[in-house]
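Novice: Once you've had a glance at the structure underneath, I'll fire off some questions.
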Amino acid sequence: MKLFPYGHATHPQWQMAAGLVLAQLRAYMALPGYASAPTLALLYITDHYAAQAQDILDYLSAELPAVTDWSGTVGVGIASNNVEYFDEPALAVMLCELPHDQYRVFSGVSPLPPASLGLFKAHTALVHADAGTPDVAELIDEMAQRTESGYVFGGLASSRSGTVQFALSGHGNVKGQGAASGVFSGGLSGVAFARDPSGGMVLMSRVTQGCQPVSGNHEITACDGNVVTELDGQPALDVMLEDLDVSLDEPREALAKVRNTLVGLSHPEDMPSGPRILHAGQFGSEVLVRHLIGLDPARKGIAITDTPVVGMALAFCERNREAARADLVRVCAEIREELEPEELTLEIASALNLPEAESAPHAARRIAGAIYVSCSGRGGPHFGAPSAELQIVRRALGDVPLVGFFAGGEIARHHLYGYTGVLTVFTEMQES
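Below, the structure written as structure tokens:
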């Protein structure tokens, strides 16, 4: 399995950054362990370059004519192996060598063909979405239903200027039509992946949470719109104040605590079946973190940025750096342990146990490339230092090709998350 060439750079002039990225890509493509005939490119830019998105895509696609398909979006920050770029002009590209019949680039103007037509059966999909699109959460759920696995991954574009997406396909665009430019705003876009019939390439994805519960789970027993009025049959506001150990008799202290509180919601049908192991103070991937946006003293309710339903579980939580670090290490370790063969030769064991500084990409890891989509509220200071989040990923997975972006909401399974990271790797199926 060939590693995916990748490159990243920052520069005030996009032409200089693009030139640096192309130099890195071509250097990797010349190495024997890397793909030399890529077909699909993933392109992520920071919002400093949003106005030049079309120029960037035109330039890169002209310089890489063998790459027929492009997908990507904009973020307030972007990620690559061991580094993140926040509040600076930057771009990152990863070139994937995949058979043309194993993927399809899609967008609102060039949609994924229905599976019923038999033209292409999507097993999973990388999804980029515009937060301003009406009913975006429902559209994400609908997209997941179009896949065989019911699982999609990705995130909402985030930008302080224009919100753009890249979707250029050698399969569907006709020169002169609207989709041919490859840059647009609104709706959903991305790449759908088919199941590899040979089992040679699979995608493995994990969700890591960035919040820590500060209460146990409560059942929502009454609600009205986005206001939860009862938890476990008791007034929701009273339950929250008791869990947070605050009183409205001391409003300043209470409001300070409430402002730092979020809620974790979970649907009963999303709870995993069978036993599962969770460390203390850890959310599972079935939990969706939402903001607490107001109190309703008249009804003794709490207002949240979602529309809950009776029967859902709710736990109060808060952002926590150590919990986020520990959970990110956990999901990386899960992926690495699942990929490592049960029996190791001396050569493979030596490669896998090299210290971080020497952990160069190696076939033993069986990871061709990775995509990491993290919440824009998790990057930088939340992990203690610039690029600390991506450094954790590198220490856990090794020096593997990686690109991604910091989103306004993260997509995994059929849900829209917040304060999470979604790590997906392209890997080779282990022979039994």
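So the working numbering is basically just the index in the sequence shown, starting at one, shifted up by 810. Note that the Cβ used here is the ideal one computed from N, Cα and C, for glycine as well. If you're wondering where the values come from, they're calculated on a predicted model, not measured in any experiment.
Which partner residues does residue 1106 have in the DSSP bridge list?
Specialist: Residue 1106 is bridged to 1111.
Novice: Since I believe residue 962 is in contact with residue 1221 (beta carbons under 8 Å), could you give me their beta-carbon distance rounded to a whole number of angstroms?
Specialist: Indeed, because the Cβ distance is near 6 Å, the residues count as touching under 8 Å.
Novice: Under 8 Å: do the segment 1008 to 1025 and the segment 946 to 957 share three or more Cβ pairs, one atom per stretch?
Specialist: With the cut-off at 8 Å, the segment 1008 to 1025 and the segment 946 to 957 do not touch.
Novice: So, with DSSP's three-state summary, where would you put residue 826?
Specialist: Helix at residue 826.
Novice: Could you check the C-alpha separation between residue 1097 and residue 1115 for me, to the nearest Å?
Specialist: Near 14 Å, if we compare the C-alpha coordinates of residue 1115 and residue 1097.
Novice: Nearer than 8 Å: is that true of the beta carbon of residue 1228 relative to any heavy atom of the ligand PLP?
Specialist: Annotation note on the ligand PLP: not contained in the displayed structure, which lists no ligands.
Novice: Of all the options 1138, 1142, 856, which has the alpha carbon lying nearest to the alpha carbon of residue 1177?
Specialist: Among 1138, 1142, 856, the Cα nearest to that of residue 1177 is on 1142.
Novice: Would you tell me roughly how many angstroms separate the C-alpha atoms of residue 1231 and residue 1217, rounded to the nearest one?
Specialist: Residue 1231 and residue 1217: Cα-Cα distance of roughly 9 Å.
Novice: Identify every run of the beta strand (DSSP E) within the segment 1050 to 1079, keeping only runs that are complete inside it and at least 3 residues long; order them along the chain.
Specialist: If we require 3 residues or more, the beta strand (DSSP E) runs fully inside the segment 1050 to 1079 come out as 1072 to 1076.
Novice: Tell me the rounded alpha-carbon separation between residue 1211 and residue 843.
Specialist: So the two alpha carbons sit approximately 12 Å from each other.
Novice: Roughly how many angstroms separate the alpha carbons of residue 940 and residue 1095, rounded to a whole number?
Specialist: Distance between the alpha carbons of residue 940 and residue 1095: 23 Å.
Novice: Below 7 Å CB to CB, which residues in the same chain sit around residue 991 once its five sequence neighbours on both sides are set aside?
Specialist: Excluding positions up to five away in sequence, the list reads 864.
Novice: Could you name the residues that DSSP lists as bridge partners for residue 1018?
Specialist: In DSSP, residue 1018 forms a bridge with 1231.
Novice: How far does the alpha helix (DSSP H) with residue 874 in it reach, from first residue to last?
Specialist: Segment: none, residue 874 is in no alpha helix (DSSP H) and carries neither H nor E.
Novice: What residue does the beta strand (DSSP E) around residue 902 start on, and which one ends it?
Specialist: Counting along the chain, the beta strand (DSSP E) containing residue 902 begins and ends at 900 to 906.
Novice: Taking the straight line between their C-alpha atoms, what separation do you get for residue 1087 and residue 1136?
Specialist: Annotation note: pLDDT 41 at residue 1087 (below 50); position unreliable, coordinate value reported separately. Whole-angstrom Cα-Cα distance: 14 Å.
Novice: Nearest-angstrom Cα distance between residue 1215 and residue 846?
Specialist: Approximately 25 Å, taken between the alpha carbons.
Novice: Does the distance from the C-beta atom of residue 908 to that of residue 850 stay below 9 Å?
Specialist: Against a cut-off of 9 Å, the Cβ pair of residue 850 and residue 908 comes out as a contact.
Novice: For residue 956 and residue 886, which I take to be in contact (beta-carbon distance under 8 Å), what is that distance rounded to the nearest angstrom?
Specialist: Rounded, the Cβ-Cβ distance is 29 Å, inconsistent with contact.
Novice: Would you tell me roughly how many angstroms separate the C-alpha atoms of residue 911 and residue 1149, rounded to the nearest one?
Specialist: Cα-Cα distance, rounded: 25 Å.
Novice: For residue 1139, which of helix, strand or coil comes out of DSSP?
Specialist: Three-state DSSP puts residue 1139 in a helix.
Novice: Evaluate contact between the segment 1063 to 1080 and the segment 992 to 1003, counting only Cβ atoms and requiring at least three cross-stretch pairs below 8 Å.
Specialist: In short, these stretches do not touch, since the Cβ pair count stays below three.
Novice: Between residue 898 and the rest of its own chain, which residues show a CB-CB distance below 7 Å, the 5 nearest in sequence each way excluded?
Specialist: Result list for residue 898: 820, 856, 858, in chain order.
Novice: Pull up the CB-CB distance for residue 978 and residue 1068, whole angstroms please, since I reckon it's below 8 Å.
Specialist: The Cβ separation is near 46 Å, so there is no contact.
Novice: Near residue 1159, which residues of its chain fall below 6 Å by C-beta distance, leaving aside the five closest residues on each side in sequence?
Specialist: Residue confidence for residue 1159 is low, a pLDDT of 46 falling below 50, so the modelled location carries little weight; the figure read from the coordinates is stated next. Within the same chain, residue 1159 has no close Cβ partners at all.
Novice: Cα separation between residue 1180 and residue 1034?
Specialist: Rounded to the nearest angstrom, the two C-alpha atoms are 41 Å apart.
Novice: Helix, strand or coil, according to DSSP, for residue 850 in the structure here?
Specialist: Looking at residue 850 - three-state DSSP - the assignment turns out to be strand.
Novice: Quick one: Cα of residue 818 to Cα of residue 891, how far?
Specialist: So the two alpha carbons sit approximately 9 Å from each other.
Novice: Exposed or buried, residue 828, counting other C-beta atoms within 10 Å across all chains shown (16 or more means buried)?
Specialist: That one is buried.
Novice: Compute the Euclidean distance between the alpha carbons of residue 1028 and residue 1118, then round it to the nearest angstrom.
Specialist: In a straight line, the C-alpha of residue 1028 is about 13 Å away from that of residue 1118.
Novice: Comparing alpha-carbon positions, which option in 1013, 917, 813 lies nearest residue 906?
Specialist: The shortest Cα separation from residue 906 among 1013, 917, 813 belongs to 813.
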